[in-house]
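Participant: If you want the numbering used here, it's the 1-based position in the sequence shown plus 55.
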Amino acid sequence: MAAAAICKAAVLWRYIESVGNAEEVNLMIRLVYPLFLATPLLIATQLTSEQKHWKPSLVIGINLLLSAILALYFFTIPNEPSSIDFYRFMLFMVACHFFVAYAPFLSKSQSNGFWQFNKTLFLQFLNASLYAITLYIGLLIAVKTVEYLFNITYLIKIESDLFVLIAVVFHSLFFLSKIPANLHSLNDETNYPAGLKIFTQYVLLPLEVVYMVILYAYTVRILFKWKLPDGGVAYLVMAFSIAGILALLLLHPLRESVREKWVRLFSKRFYLALLPLIVLLFIGIFRRINDYGITENRYIIAVLAFWLAGTTIYFLVNKLADIRWIPVSLSAIALLLAIGPWNIFVVARHSQIRTFEKILQDNKMLNSSGHISGKVSVDLEDFRQLESIIQFFNTRKQKGLEKYFPGLKKKYKTDYQHYEEMRQILAGHVVNKPDNLGRYGNYANFSSRSPENENATLSISGFNQLAYFQLNQSTQLKSGPYKLDVSANGRFIHLYKNGSKLNTWDLSEKIRTLKSAYGHNFDSVPASEMMIRYTTADEDVAIAFSSINQGTDYYFGEGMLLIR
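(1) What residue does the alpha helix (DSSP H) around F295 start on, and which one ends it?
(2) Suppose the cutoff is 8 Å on Cβ atoms and the five residues either side in sequence are ignored; what does the same chain contact list for N118 look like?
(3) Let me know the secondary structure DSSP gives H11 once reduced to three states.
(4) How many Å lie between F611 and I603 at the Cα?
(5) State the Cα-Cα distance for the pair S432 and N418, rounded to the nearest angstrom.
(6) So, with DSSP's three-state summary, where would you put I548?
(7) If we ignore side chains and look at the alpha-carbon of each, how far apart do Y271 and T410 end up?
(8) Could you tell me whether the Cβ atoms of A59 and V223 are closer together than 7 Å?
(9) Where does G612 sit, in a helix, a strand or coil, going by DSSP?
(10) Among A65, H152, L562, whose alpha-carbon lies nearest the alpha-carbon of E584?
(11) Give me the Cα-Cα distance between A360 and M293, rounded to the nearest whole angstrom.
(12) Counting beta carbon pairs with one atom in the stretch 380-392 and one in the stretch 141-159, are three or more of them shorter than 8 Å?
(13) Taking contact to mean 3 or more Cβ pairs, one atom from each stretch, closer than 8 Å, check whether the stretch 526-535 and the stretch 572-588 are in contact.
(14) For the stretch 325-379, list the beta strand (DSSP E) runs that are entirely contained and at least 3 residues long, ordered along the chain.
(15) Inspect the CB distances between the stretch 363-374 and the stretch 325-333 and report whether three or more fall short of 8 Å.
(16) Please name the residue or residues paired with L392 in a DSSP beta bridge.
(17) Name, in chain order, the residues that DSSP records as bridge partners for V596.
(18) Can you grab the Cα-Cα spacing for the pair G462 / I139, in whole Å?
(19) E214 CB to nearest chain C CB: under 7 Å?
(20) Evaluate the contact criterion for the stretch 449-461 versus the stretch 399-409: three or more CB pairs, one atom per stretch, below 8 Å.
(21) Between the stretch 386-403 and the stretch 352-359, do three or more beta carbon pairs fall short of 8 Å?
(22) Buried or exposed for V265, please, with buried defined as at least 16 other CB atoms from any protein chain shown within 10 angstroms of its CB.
(23) Using the Cα positions of Y186 and I480, report the straight-line distance between them to the nearest angstrom.
(24) Apply the 10 Å Cβ neighbour rule to P261 and answer buried if 16 or more other Cβ atoms are within range, or exposed otherwise.
(25) When the Cα of E476 is compared with those of N519, R343, V149, N576, which residue comes out closest?
(26) Could you tell me whether the Cβ atoms of F460 and L569 are closer together than 7 Å?
(27) Does the Cβ of A236 lie closer than 6 Å to at least one heavy atom of the ligand NAP?
(28) Would you call G517 buried or exposed, if buried means 16 or more other Cβ atoms sit within 10 Å of its Cβ?
(29) Evaluate contact between the stretch 589-606 and the stretch 553-561, counting only Cβ atoms and requiring at least three cross-stretch pairs below 8 Å.
(30) Just reading off the beta strand (DSSP E) that S555 is part of, what are its end residues?
(31) Out of L291, V219, I234, V66, point me to the one whose CA is closest to G339's CA.
(32) From the DSSP output, in three-state form, read off V541 for me.
(33) Do H226 and A183 count as a contact pair if the criterion is CB distance below 7 Å?
(34) Between P89 and Y128, how many whole angstroms is the CB-CB distance? I'm expecting something under 8 Å.
(35) Pull up the distance between the alpha-carbon of V114 and that of Q171, whole angstroms please.
(36) Among A65, L86, I300, whose alpha-carbon lies nearest the alpha-carbon of F218?
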């Protein structure tokens with residue numbers, strides 16, 4: 056386990072120092088995913104082998120099998136990992152960590168040992184986190200003090216590297232050092248930490264009551280107005296339910312105590328109180344799905360809604376309900392959501408395509424061949440959702456919308472360009488233009504700094520002075536007799552010579568031109584198109600921007616002032 060922690064740290068250090076080298080960064084991401092999964096799997100294997108008295112040969116065989124599976128997982132990750140790969144990794148992480156919680160305690164008679172073991176892990180994690188945070192802050196202050204007093208410039212990204220050292224190596228080793236050596240004895244242990252009871256009884260439970268009152272008041276409001284709940288309420292109900300179940304798990308050993316009858320009372324009342332909120336949860340999440348289609352998050356919440364309903368019924372009707380059901384079922388769900396034809400990515404992709412097509416059909420934007428055609432007026436909400444779906448496919452680097460855009464180019468240097476052309480084609484078939492309608496609003500971001508931009512080089516022949524500057528709402532720059540300042544939050548750039556105004560550039564016009572050519576966001580604009588220039592018989596002054604950004608009414612950027 057120590058070797059796994061050190062390997063994780065080494066890969067993360069390399070990742071931190073490789074920022075800017077896309078190929079190496081992607082390789083480090085692909086390496087760190089299986090390495091992070093290796094730690095909980097190795098812990099689960101080691102603890103289970105000790106509990107079950109497995110033969111060394113069996114343990115070696117299982118570890119070799121796990122190594123082969125993790126190596127195979129590494130090779131299934133594409134060279135350029137996307138958000139889908141991160142989602143899948145996080146689901147695997149959830150499954151693996153829940154597996155650690157129950158793997159050594161699957162026998163029927165080990166329910167108490169299961170609770171004592173996880174109580175120890177929970178408290179040790181909090182303890183290790185407190186030590187790690189304190190150590191990191193102390194060392195960071197020391198590092199900054201040395202930097203200040205001795206005027207030292209570190210050749211590495213010391214803050215990030217130090218964080219990895221503490222969070223990955225120190226935290227892991229400190230946490231593992233307190234895992235019980237004799238798991239068999241845990242089943243006979245009856246010790247219950249007083250601090251844990253105080254935290255649960257006087258902090259967690261009162262918060263649960265407060266949020267339950269809020270959610271019930273919202274439910275009454277819905278019934279009174281006879282209006283469907285907002286889709287976002289599903290996330291609130293789920294958070295409330297998870298916190299309540301955590302409180303019940305923390306109090307589990309006290310349910311049989313004569314002095315703590317309130318624990319059993321709370322257990323039953325909590326699950327009864329959950330029933331109407333579960334109905335609210337189902338209405339909220341399925342309304343969201345009906346309106347906007349399935350995404351990965353909505354799919355997970357919908358599955359958890361069914362799980363919560365089943366768990367509530369299980370604990371209400373079964374007097375001998377086993378709390379091990381919770382981690383066992385959740386680990387299985389996390390694993391199943393990540394793999395197979397029912398995985399969250401496949402289902403979300405098909406749902407978004409169906410939603411996209413339905414909106415196009417409702418707005419009569421499809422011809423007999425199923426291609427976007429004509430020019431129509433589109434409802435504001437529909438247009439925003441169409442753009443949102445295009446962005447959904449863009450961020451996940453997925454295909455599926457091309458069949459609606461027959462005129463698309465076949466090859467692009469970046470995936471972003473592919474989906475940006477889709478957005479522009481879509482906007483071209485809408486009467487009410489996207490500048491007043493789209494989800495981007497007044498936001499814009501243009502740059503010529505993409506590594507793949509073949510036109511990033513700008514000729515400065517004829518200019519003999521250069522001054523770098525950053526554009527914001529208070530920019531002022533002097534270069535010889537010339538001076539720049541801005542007004543209207545960076546929109547107007549004024550050029551002076553010896554105190555007399557020569558010219559005023561309106562940056563909104565430049566951004567409007569870039570929007571018409573590249574949409575609202577593009578990082579490979581030719582450098583020549585990022586220039587504004589003032590030329591007369593006597594003057595030749597230009598601003599060559601490397602980036603321009605507009606946020607509502609504010610303008611930002613950076614570039615060079617060029618003077619002949």
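We put the beta carbon where it would ideally sit given N, CA and C, even for glycine.
Fair warning: this is a prediction, and the values are worked out from it, not measured in the lab.
Facilitator: Walking through what the data contain:
(1) In the DSSP annotation of this structure, the continuous segment of the alpha helix (DSSP H) that includes F295 starts and ends at 288-306.
(2) Contacts found: L97, T100.
(3) A question about residue 11 goes unanswered here, because the residues of the chain that appear run from 56 up to 619.
(4) Whole-angstrom Cα-Cα distance: 6 Å.
(5) S432 and N418: Cα-Cα distance of roughly 8 Å.
(6) In the three-state scheme derived from DSSP, where H, G and I count as helix and E and B as strand, I548 is classed as strand.
(7) Taking the Cα positions, Y271 is about 32 Å away from T410.
(8) No; because the gap between Cβ atoms is not below 7 Å, this pair is not in contact.
(9) Three-state result, G612: strand.
(10) Just measuring C-alpha positions, the residue of A65, H152, L562 sitting nearest E584 is L562.
(11) Computed Cα separation, rounded: 8 Å.
(12) Result yes; three or more Cβ-Cβ pairs closer than 8 Å.
(13) Counting C-beta pairs with one atom in each stretch, the stretch 526-535 and the stretch 572-588 have fewer than three that are closer than 8 Å, which means they do not touch.
(14) Qualifying beta strand (DSSP E) stretches: none in this window.
(15) Per the Cβ contact rule, the stretch 363-374 is in contact with the stretch 325-333 (3 or more Cβ pairs under 8 Å).
(16) Paired residues: none, contrary to the question.
(17) DSSP lists Y589, I618 as the beta-bridge partner residues of V596.
(18) So the alpha carbons of these two residues sit roughly 27 Å apart.
(19) No chain C appears in the structure shown, which is made up of a single protein chain.
(20) Remark: three or more beta-carbon pairs, one from each stretch, lie closer than 8 Å, so the stretch 449-461 and the stretch 399-409 are flagged as touching.
(21) A contact exists between the stretch 386-403 and the stretch 352-359.
(22) V265 comes out exposed.
(23) One Cα belongs to Y186, the other to I480, and the distance between them is close to 55 Å.
(24) With fewer than 16 neighbouring CB atoms inside 10 Å of its own CB, P261 falls in the exposed class.
(25) Comparing Cα positions, the closest option is N576.
(26) No, they are not a contact pair.
(27) The ligand NAP is absent from the structure shown, which contains no ligands of any kind.
(28) With fewer than 16 other Cβ atoms within 10 Å, it is exposed.
(29) Result yes; three or more Cβ-Cβ pairs closer than 8 Å.
(30) Following the DSSP letters along the chain, one finds S555 inside the beta strand (DSSP E) bounded by residues 555-561.
(31) The shortest Cα separation from G339 among L291, V219, I234, V66 belongs to L291.
(32) Reduced to three states, the DSSP call for V541 is strand.
(33) Taking the C-beta atoms as reference points, H226 is found nearer than 7 Å to A183.
(34) Separation of the CB atoms of P89 and Y128 is rounded to 5 Å, and the pair is thereby assigned contact status at 8 Å.
(35) V114 and Q171 have their C-alpha atoms spaced approximately 25 Å apart.
(36) Check the Cα spacing between F218 and each of A65, L86, I300: the tightest is with A65.
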